[in-house]
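Numbering (the numbering used here), first residue to last: 45 to 432.
For each residue, glycine too, the CB sits at the ideal point set by N, CA and C.
Everything numeric in this text was worked out from a predicted model, so none of it was measured.
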Ligand SMILES: [Fe+2]
């Protein structure tokens, strides 16, 4: 949970008359999550956000998923998936279940419409590129290695300045900071690997005083629509509270290291229903004199682990490249590949960057991923790679 923020012009109390210079009333909007029970923000618009001219179907192609069957570890070279379109239409699903969809998007064009996801929060990881995410709450500049957290229901548009590649997690609920990093009041604890100051909020821009016909594409739970609204979505003069997009860059992540190998939960960044997110960033290795820097063999018996390789030397993995995704599935042990343990001995640091999500329901494989799968990956732990 981010902390309280306020920007722009606000009345002294909520839900009271707040007048424009011309004497008319600003239109207050409560943007609330989980009914009225969880995070919310109050926005003050020049004109009501409710003025709708038209609603029509959005016949958006739905990704086709197949079970991970036969159940095995997999490797997808997602950089080989052809890029297309903008930040939304260009999303190509790789893996998914009822809790989270994992997609990649590579794009160079700004969205020509506004977009609103009302299924759950989105967690966007910027692999490469720069640009900005704009919403009624302001402009949020992004750069490589940013996580962008976009709460459910925020209307937004992504404008790349440079060609951008993102890893996209569409979740089914709030993306939260793990409870273990917060004290009883919600403040980040002293032992947390990040700090409130590390989170960048949007910068409110001058309100767009414009009426006309504006397209908002709405992605709902099993239901999509294209709205045409009469008032520009970015006509906000002020907002406050806790529900807003924000950014966190991995350069600000202060990894927790130790005398012995630290398991992935030590590298946790965020969590959402049925999903736990981690980041592996440049860091010093374990300092026991006999420490083994690469991870031990691991059987994660009841969750699926999905690593996305960003940059650096992925010491424990054979055959992966930047943009690779590995799925280490429940039911199949994984670990360093032959030779990796010996090669790692004596190393004191790593420059690798990778991000991970663990899911607690089985992941299914999207059609686009099947086309870029390294079919031999599950045999990559053999001492001598098998020939087919
Ligand atoms: Fe693992």
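With a threshold of 7 Å, the Cβ atom of residue 396 does not count as near ligand 1, since no heavy atom of the ligand is closer than that. Look at the region 132-180 and you find these whole runs of beta strand (DSSP E), each 3 residues long or longer: 136-140, 144-151, 158-161, 166-172 and 175-179. Taking 8 Å as the cut-off, the Cβ atoms of residue 245 and residue 316 do not count as close.
Under the three-state reduction of DSSP output, residue 343 falls in the coil class, being neither helix nor strand. Within 7 Å of the C-beta of residue 378 there is at least one heavy atom belonging to ligand 1.
Annotation for residue 53: no beta strand (DSSP E) segment contains it, and DSSP assigns it neither H nor E. Contact holds between the region 272-290 and the region 91-103, because three or more Cβ pairs, one in each stretch, are under 8 Å apart. Under DSSP, residue 74 takes part in a beta bridge, and its partners are 86. By the beta-carbon neighbour count (other beta carbons within 10 angstroms, threshold 16), residue 61 is exposed.
Judged by the Cβ position, residue 119 fails to qualify as a neighbour of ligand 1 at the 7 Å threshold, every heavy atom of the ligand being at least this far.
Straight-line measurement puts the Cα of residue 404 at about 17 Å from the Cα of residue 113. With a minimum length of 3 residues, the unbroken runs of beta strand (DSSP E) contained wholly in the region 198-279 fall at 199-204, 208-215, 255-263 and 268-275. Spatial neighbours of residue 216 in its own chain (CB-CB distance under 6 Å, excluding positions within 5 residues in sequence) are listed in chain order as 143, 164 and 317. Each residue's CA atom was taken as its position, placing residue 287 and residue 87 some 10 Å apart. Per DSSP, the beta-bridge partners of residue 282 are 52 and 88. Taking a contact to require three or more Cβ pairs closer than 8 Å, the region 142-158 and the region 124-133 qualify as touching. The beta carbon of residue 356 sits closer than 6 Å to those of 395, 396 and 397, all from its chain and outside the five residues before and after it, given in chain order. Around the beta-carbon of residue 323, 16 or more other beta-carbon atoms lie within 10 Å, marking it buried. Per DSSP, residue 386 is one residue of the alpha helix (DSSP H) stretching across 384-388. In the structure shown, residue 111 falls within a strand segment according to DSSP collapsed to helix, strand and coil. In this structure, residue 418 and residue 119 form a Cβ contact; the two beta carbons are roughly 4 Å apart against a cut-off of 8 Å.
The Cβ atoms of residue 121 and residue 416 sit closer than 8 Å to each other.
In this model, residue 140 and residue 371 are separated by some 11 Å (Cα to Cα). Taking C-alpha positions only, residue 201 is separated from residue 178 by approximately 5 Å. Residue 194 has its alpha-carbon roughly 20 Å from the corresponding atom of residue 207.
By the 16-neighbour rule on beta-carbons within 10 angstroms, residue 279 is buried.
By the Cβ neighbour-count rule, residue 182 is buried, with 16 or more other Cβ atoms within 10 Å of its own. Note on residue 106: under 16 other CB atoms within 10 angstroms of its CB, so exposed under the neighbour-count rule. Under DSSP, residue 349 takes part in a beta bridge, and its partners are 372 and 402.
Look at residue 296 here: in three-state DSSP terms it is helix. If you draw a straight line from the Cα of residue 160 to the Cα of residue 347, it is about 30 Å long. Classified as buried, residue 85 has 16 or more neighbouring CB atoms from the shown chains inside 10 Å of its CB. Note on geometry: alpha-carbon atoms of residue 319 and residue 230 lie some 20 Å from one another. Assigned with DSSP and collapsed to three states, residue 101 falls in coil, not helix or strand.
Across the set 82, 91 and 76, the C-alpha of 91 shows the shortest separation from the C-alpha of residue 69.
For the pair residue 147 and residue 170, the CB atoms are not nearer than the 8 Å cut-off.
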